[in-house]
Amino acid sequence: MPNVDRPSGLTPVRHKDGTPYANQHNLYLLISSNATAVFVGDAVSHAGGAGTAGLRVDGIDVEGMPTVQQTVAGDSNIVGVVVGFYPRPDALTTKHRPASTRMIAMVADDQNLIFEVQEDSEVLGSCTLSAAEVGRNYDLIVGTGDADTGLSAMELDSSTGVTTTANLRLLRLVPRANNIIGTNARWEVLILEHFDRTPTGV
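Counting in the numbering used here, the sequence shown runs from 201 upward without gaps.
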């Protein structure tokens, strides 16, 4: 049975030492000057700086809260993955962060978290990952998130495999009965270009 094509960004699975992921996260600020919508499952990168003195967002004091923005392929300062948003009293049914909207994101930001992600397999499965490629590094491809579900469309870009640095390290196939190596397979990955792994600031 073929794999289902259902990208949903990155989903935290467990920590590298085998400890289950239990919704641990920290709060980060998405600034209104950034015109890119953000979805649950999106990787986000440090945008430089933080909330300013006296700034409050949806009743929360965000002074000193680090700012983030949606990750693009090649970013080397990925903070983590969005697992939710602080509720906005005036938009309780909105499940994502609309473009140019100041919001607080809940980010799973442990550098040792393992995530599940779907590979894009490119057009008609012409570039599908094989078992031999486990251990290589890959970039993310962004896609367009779903405003109805609030879910990301980020996938692993299966055409970007290298032995040098890239966004993600391919660890293993997700061990699930309905998931096989082939088009649209889901894989476990580690964020290789994590902000906490590099001595370079922003």
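All C-beta atoms, glycine included, are put in the ideal place defined by N, C-alpha and C. Bear in mind the structure is a predicted one, so any value in this text is a computation, not a measurement.
Around the beta carbon of V204, fewer than 16 other beta carbons sit within 10 angstroms, so the residue counts as exposed. Pairwise C-beta distances place the region 246-255 in contact with the region 266-274, as three or more of them are shorter than 8 Å. Per DSSP, reduced to three states, the secondary structure at A237 is coil, with no helix or strand assignment. Secondary structure of A222 (DSSP, three-state): coil. Under the three-state reduction of DSSP, A273 is assigned to coil, being neither helix nor strand.
Burial state of M201 is exposed, judged by a 10 Å Cβ sphere holding fewer than 16 other Cβ atoms. Of the residues I304, V283 and S358, the one whose Cα lies closest to the Cα of A366 is S358.
Cβ atoms of R376 and V389 stay farther apart than 8 Å, at about 15 Å. For R214, the enclosing beta strand (DSSP E) begins and ends at T211 to H215. Counting only runs that start and end inside the region 315-375, there is no alpha helix (DSSP H) element of at least 4 residues. Below 8 Å, enough C-beta pairs join the region 238-247 and the region 295-308 to call them touching: three or more.
Of the candidates N277, H225 and R336, the residue whose Cα lies closest to the Cα of V402 is N277. E316 is the residue among F285, E316 and S330 whose C-alpha sits nearest the C-alpha of P207. Between T211 and the set V362, S352, N378 and E333, the nearest pair of CA atoms involves S352. Remark: C-beta atoms of E319 and A385 approach each other more closely than 8 Å. Non-local beta-carbon contacts of T360 in its own chain, meaning distances under 7 Å to residues more than five positions away in sequence, involve Y338, D339 and A366 in chain order.
DSSP places R397 in the helix class (H, G or I) of the three-state scheme. Just so you know, the alpha carbons of T364 and R372 end up roughly 18 Å apart. Distance from the CA atom of T271 to the CA atom of E393, rounded to whole angstroms, is 11 Å.
The three-state reading of DSSP puts Y228 in strand, counting E and B together. In the three-state reduction of the DSSP assignment, S245 falls in the strand class, which pools E and B.
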